[in-house]
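In mature numbering (1 follows the signal peptide of the UniProt record, and there is no 0), the protein residues as written are -27 to -1, 1 to 403.
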């Protein structure tokens, strides 16, 4: 989903490989500003808000450049921009609206494809070769309401919270199925001098995770038309207030210190080191966690939000997806890259290195243990599709829940801010 991330400001990464193929008339020129190609050179602009995975994207882009040189005799320069997730959405929207669009950009499939497509920013990819490779279970997440496929999925997710299997086993704890059971697990951990939860709220998108978990579980156990009513200004987040703050208050009261000073990477390192037994976070941090501690045995379980075990469910989503700008000045090359993302020979190694789930029929690697943990819940019907909450609302939730943790906003203040954010979204998108 997403989705998901380091500090404020803009962290750019420019991958350069400009090798002009000789001198004279055949050398051509490079129009870097426009991203167009001339002769045997071309510039491709990419915008992917996953700086923690930079080394893997760097490597794959280098392979793409070698492929373009070998097959089309084009020397490619890739300008890769990797801002943190907290402000990436706003940066991207500004670029798209000001005719400064990257050729290829990442967006959240569930949260952003509908509004980006409506605004005319997305190239129709329905006839591209990669489409036939997509798993049937994944294809709908990058398909518009009128049947157009507009992105190649990267991250498919099955998530709730992460837990340290060794700690759970040593303490005789199994993943709780209700909020009361979670409180008992917390008490047992504290009695053993183990911190129950890692908390890392420095980046606003992290506390925001409580919102889709609480909303998704509530929607799928009774309040099924919540999103539709919010889209028509007929609902309120007060309907999920108890589900949202019941679990968040428990986490906040039983977690690591200085949460507003700890970002995602530091949280991953602390969780990897066994500083806490649980982390309300998704497996998209698996690569970072295992880089810190390759031997860590962790699992994924659904987060209880109340005392109804039927509401303790896994959130299923497709977050990070790659799209091509409809206004790209180097569209052919952008389409070449999009198709290379699911290349028959190279894609499996790329996705496996990223610790992403298989999304294509040509992906040959085995699913990871934590994926299998989550799928056990899915197999018995304990899952739901990530609720379609507008990104602007999620962004507001992140900031509001940071303020709530700091004691600067009450629960009612948070609810009012979220309701206002959704109504503002409706005004712009009607």
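C-beta: ideal position from N, C-alpha, C; glycine also.
With a threshold of 8 Å, are at least 3 pairs of Cβ atoms found where one atom belongs to the region 125 to 136 and the other to the region 266 to 280? By the Cβ criterion, the region 125 to 136 is in contact with the region 266 to 280, since at least three pairs of Cβ atoms, one from each stretch, lie closer than 8 Å.
Can you confirm whether the region 323 to 330 touches the region 45 to 65 when touching is taken to mean that 3 or more C-beta pairs between the two stretches lie within less than 8 Å? No, the region 45 to 65 is not in contact with the region 323 to 330.
So, using beta-carbon positions, are residue 131 and residue 83 closer together than 8 Å? Using a Cβ distance threshold of 8 Å, residue 131 and residue 83 do not count as a contacting pair.
With three or more C-beta pairs closer than 8 Å as the rule, is the region 291 to 303 touching the region 120 to 129? Result yes; three or more Cβ-Cβ pairs closer than 8 Å.
Please classify residue 130: does DSSP put it in a helix, a strand, or coil? For residue 130, the three-state secondary structure derived from DSSP is strand.
Roughly how many whole angstroms lie between the Cα atoms of residue 67 and residue 54? One C-alpha to the other measures close to 14 Å.
Helix, strand or coil: how does DSSP classify residue 336 here? Coil, per DSSP.
How is the alpha helix (DSSP H) around residue 219 delimited, first residue to last? It spans 214 to 226 - the alpha helix (DSSP H) in which residue 219 sits, taken as one unbroken run.
Using the three-state DSSP reduction, which class does residue 319 fall into: helix, strand or coil? Under the three-state reduction of DSSP output, residue 319 falls in the coil class, being neither helix nor strand.
Start-end ranges of the alpha helix (DSSP H) lying completely within the region 45 to 120, minimum 4 residues: Scanning the region 45 to 120 for uninterrupted alpha helix (DSSP H) segments of 4 residues or longer gives 58 to 70 and 82 to 91, listed from N- to C-terminal end.
Can you check DSSP and say which residues form a bridge with residue 19? For residue 19, DSSP records a beta bridge to 53 and 77.
Pull up the CB-CB distance for residue 352 and residue 108, whole angstroms please, since I reckon it's below 8 Å. Incorrect: roughly 17 Å between the Cβ atoms, too far for contact.
When burial is assigned at 16 or more other CB atoms within 10 Å of the CB, is residue 8 buried or exposed? At residue 8, the pLDDT of 41 sits below 50, so the modelled position is not reliable; the number obtained from the coordinates is stated separately. Under this definition residue 8 is a buried residue.
Within this structure, are the beta carbons of residue 214 and residue 384 separated by less than 8 Å? Yes, the pair counts as a contact, with Cβ atoms nearer than the cut-off.
Beta-carbon gap between residue 357 and residue 286 smaller than 8 Å: Against a cut-off of 8 Å, the Cβ pair of residue 286 and residue 357 comes out as a contact.
Is it buried or exposed for residue 85, if we count other Cβ within 10 angstroms and need 16 for buried? Flag for residue 85 reads buried.
Using a Cβ-Cβ cut-off of 8 Å (strictly less than) and excluding sequence neighbours within five positions of residue 151, which residues of its own chain qualify? Around residue 151: 277, 279, 280, 281, 282 and 285.
What are the boundary residues of the beta strand (DSSP E) that residue 358 is part of? Unbroken beta strand (DSSP E) run through residue 358: 356 to 358.
Under the rule that 16 or more other beta-carbon atoms within 10 Å means buried, what is residue 187, buried or exposed? Residue 187 is buried by the Cβ-count criterion.
The region 198 to 211 / the region 165 to 176 touching (three or more Cβ pairs under 8 Å): With the cut-off at 8 Å, the region 198 to 211 and the region 165 to 176 do not touch.
Residue 81 versus residue 162 - alpha carbon distance: Between the alpha carbons of residue 81 and residue 162 lies a gap of roughly 36 Å.
At which residues does the beta strand (DSSP E) containing residue 272 begin and terminate? 271 to 274 is the span of the beta strand (DSSP E), which, as asked, contains residue 272.
Using only alpha-carbon positions, find the residue among 76, 20 and 140 that is nearest to residue 244. Comparing Cα positions, the closest option is 140.
By the DSSP assignment, the beta strand (DSSP E) with residue 288 in it spans what residues? Unbroken beta strand (DSSP E) run through residue 288: 287 to 291.
Classify residue 136 as helix, strand or coil using the three-state DSSP reduction. Residue 136: strand per DSSP, three-state reduction.
Please report the distance separating the alpha-carbon of residue -9 from that of residue 14. The predicted position of residue -9 is uncertain, since its pLDDT is 29 and thus under 50; a value taken from the coordinates is nonetheless stated next. Take the alpha-carbon of residue -9 and the one of residue 14: they are about 8 Å apart.
Within the chosen definition, does the region 309 to 318 reach the region 94 to 103 through at least 3 CB pairs nearer than 8 Å? Touching, per the Cβ criterion.
C-alpha distance - residue 35 paired with residue 28, whole-angstrom precision: Straight-line Cα distance between these residues: approximately 11 Å.
Enumerate in chain order the residues of its own chain whose CB-to-CB distance from residue 120 is below 8 Å, with the five nearest sequence positions on each side excluded. In the same chain as residue 120, and ignoring 5 residues on each side of it, the C-beta atoms closer than 8 Å to its own belong to 99, in chain order.
With DSSP as the reference, label residue 176 as helix, strand or coil. DSSP places residue 176 in the coil class of the three-state scheme, outside both helix and strand.
Note the first and the last residue of the continuous alpha helix (DSSP H) segment covering residue 185. Here the alpha helix (DSSP H) through residue 185 covers 183 to 192.
Kindly indicate the opening and closing residues of the alpha helix (DSSP H) around residue 202. Counting along the chain, residue 202 sits inside the alpha helix (DSSP H) bounded by residues 199 to 204.
Could you give the uninterrupted runs of the alpha helix (DSSP H) lying entirely in the region 138 to 167, keeping only those of 4 residues or more? For the alpha helix (DSSP H) assignment, the uninterrupted runs of no fewer than 4 residues enclosed by the region 138 to 167 are, from N- to C-terminal side, 138 to 144 and 152 to 164.
Between which two residues does the alpha helix (DSSP H) carrying residue 348 extend? Residue 348: member of the alpha helix (DSSP H) spanning 342 to 352, first to last residue.
Alpha carbon to alpha carbon, what distance is there between residue 304 and residue -1? Legend: pLDDT at residue -1 = 34, less than 50; position of this residue unreliable, no value from coordinates given.
Could you give the C-beta distance for residue 206 and residue 396, rounded to a whole number, given that I count them as a contact under 8 Å? With a Cβ gap of about 6 Å, residue 206 and residue 396 count as contacting.
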